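Position one of the sequence shown corresponds to residue 10 (the numbering used here), numbered consecutively onward.
Ideal Cβ placement from N, Cα and C applies to all residues, glycine included.
Fair warning: this is a prediction, and the values are worked out from it, not measured in the lab.
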Amino acid sequence: MINLHVRHGDKGHANALSAILIPFDAFLHAANVMRQRHLPDCRDIFLATEDSMVTEQAEKQYNSRWQFHYTEAERLSGDVSPMRTAEIQGHRFTLNAITNLFLELEADAWVGVHTSNWCQLIDELR
10 MINLHVRHGD KGHANALSAI LIPFDAFLHA ANVMRQRHLP DCRDIFLATE
60 DSMVTEQAEK QYNSRWQFHY TEAERLSGDV SPMRTAEIQG HRFTLNAITN
110 LFLELEADAW VGVHTSNWCQ LIDELR
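Given below as structure tokens:
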């Protein structure tokens, strides 16, 4: 299984101090390259994201090539920060984050960006 950690939310907000928002297509391109070079039989992607538009796009546009797996959590769209999401969802947000972390660490391969502290944590723990 290949893990894609797609961090959108407030990262794409006009006032964000972080890197440019990377489109979901770029993550899938990286997964395709990884599959071609190292995991030719892989069809499974664990998709870790806080953005509901990413899960919708995955299911609508790419489900013929990939089997997507993700937690059944409430996802928000737009420029909502993880801290604001945690305020809204309470302990459910924390439990989902920890569940995602453990599942992401079990993947055979991983795609993420180093501008995300969460992705840096995953990279350090792998």
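To the nearest angstrom, report how far apart residue i and residue j are at their CA atoms.
{"i": "A82", "j": "R16", "result": "15 Å"}
{"i": "A116", "j": "I131", "result": "11 Å"}
{"i": "S61", "j": "R84", "result": "5 Å"}
{"i": "T153", "j": "L13", "result": "Residue 153 lies beyond the stretch modelled for the chain, which goes from 10 to 135, so this question has no answer here."}
{"i": "E133", "j": "L48", "result": "22 Å"}
{"i": "R135", "j": "V63", "result": "24 Å"}
{"i": "Q136", "j": "C51", "result": "Here the chain covers residues 10 to 135 and nothing more, so residue 136 does not appear."}
{"i": "L37", "j": "E96", "result": "31 Å"}
{"i": "A40", "j": "Y71", "result": "12 Å"}
{"i": "S73", "j": "T103", "result": "32 Å"}
{"i": "R46", "j": "I11", "result": "13 Å"}
{"i": "L114", "j": "I107", "result": "11 Å"}
{"i": "I29", "j": "A57", "result": "19 Å"}
Check the DSSP bridge columns for residue i and list the partner residues they point to.
{"i": "H78", "result": "F55"}
{"i": "L13", "result": "L56 and V120"}
Looking at C-alpha atoms only, which residue of the options is the closest neighbour of residue i?
{"i": "E59", "options": "Q45, R46 and N109", "result": "N109"}
{"i": "M43", "options": "R74, H100 and A118", "result": "A118"}
{"i": "W75", "options": "C128, D34 and T103", "result": "D34"}
{"i": "I54", "options": "W127, N126 and G121", "result": "G121"}
Helix, strand or coil for residue i per DSSP?
{"i": "S61", "result": "helix"}
{"i": "E96", "result": "helix"}
{"i": "R84", "result": "coil"}
{"i": "I29", "result": "coil"}
{"i": "E115", "result": "coil"}
{"i": "E41", "result": "For the sequence presented, residue 41 should be read as Asn rather than Glu. Three-state DSSP puts N41 in a helix."}
{"i": "N72", "result": "coil"}
How far does the alpha helix (DSSP H) with residue i in it reach, from first residue to last?
{"i": "D50", "result": "Neither: D50 is in no alpha helix (DSSP H) and is coded neither H nor E."}
{"i": "N126", "result": "N126 to L134"}
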